[in-house]
Amino acid sequence: MPFSVIAALGNPGREYSATRHNAGWIVIDALAAQAGASWQAESRFPASVAKVMFGGSSVFLVKPQSFMNVSGEPLAAFLRFHRLESTGLVVLHDDIAFEPGQMRLALGGSAAGHNGVASCLQLLGDTFVRARLGIGPKRHPEQDLADHVLGKLPAADLDQLQARIPDFIQGLETLFTRGLPAAQNLTNRKSPSP
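Residue numbers for the sequence shown follow the numbering used here, beginning at 473 and rising by one.
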């Protein structure tokens, strides 16, 4: 089934801008800007939605406007409304398992403690593709994980993330045009640029 939706998990509100948890929003905002698309509020879901041509197809970009822990609810409602299957969905989300500047594409797998992913898995099943964006692990073992992911991306990490956005978009485009294995070969083996 062709891909039709790219969604990014994050928290709404200015106070969450450029936090580690909103790494997916940073990437999807760049993708929308590159396509010249503007975000429209969809109160039915709730979500911000843009429509773009991507990889030769018409694609919805979606940012759920619920908080992270219930991200699956607006996404499930969006897919139901548009009669779309979760097999055509790609979800961008932050991941502490990788350093900033890395993206790993995966199908299935556990939430690994990520509440937004857990919500999506619960409501959508495990048939969507995940674009896991590195934000780096906690710097101190005693630090609370919530404090880490809700903290602002340090300038160097934000720069590394933004520098790799063209590569991330290329990886997503490869996913749409050539499938998951080809896209994984492109994204999952690349190290961050020096």
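Heads up, the beta-carbon is just placed ideally off N, CA and C, and yes, glycines get one too. Small disclaimer: the values here were computed from a predicted structure and weren't measured.
Taking the Cα of residue 529 as reference, the smallest distance to any Cα among 645, 641, 590, 500 is reached at 645.
In the three-state reduction of the DSSP assignment, residue 598 falls in the coil class, being assigned neither a helical nor a strand state. Under DSSP, residue 531 forms a beta bridge with 524. Beta-bridge pairing by DSSP links residue 477 to 532, 561.
For the pair residue 564 and residue 616, the Cα-to-Cα distance works out to about 23 Å. Rounded to the nearest whole angstrom, the C-alpha separation of residue 577 and residue 517 is 26 Å.
For residue 576, the uninterrupted beta strand (DSSP E) segment begins and ends at 575-579. As summarised for the segment 616-649, there are no continuous beta strand (DSSP E) elements at least 3 residues long confined to that stretch. Looking at the DSSP output, residue 603 bridges to 564, 577. The beta-carbon distance between residue 572 and residue 633, rounded to whole angstroms, is 5 Å. This is short enough to meet the 8 Å contact definition. Put simply, of 486, 474, 492, 477 the residue whose alpha carbon is nearest the alpha carbon of residue 627 is 492. Residue burial annotation: residue 496 is buried, with at least 16 other C-beta atoms found within 10 angstroms of its C-beta. Counting every other CB atom within 10 Å of its CB across the protein chains shown gives residue 480 a total of 16 or more, marking it as buried.
Annotated as distal: residue 542 and residue 477, with beta-carbon spacing of 8 Å or more. Here residue 625 has 490, 492 as same chain residues with Cβ atoms under 6 Å from its own Cβ, once five neighbours each way along the sequence are excluded.
Between the alpha carbons of residue 575 and residue 523 lies a distance of about 23 Å. Boundaries of the beta strand (DSSP E) harbouring residue 513: 512-514, taken from the DSSP string. Counting along the chain, residue 499 sits inside the alpha helix (DSSP H) bounded by residues 495-506.
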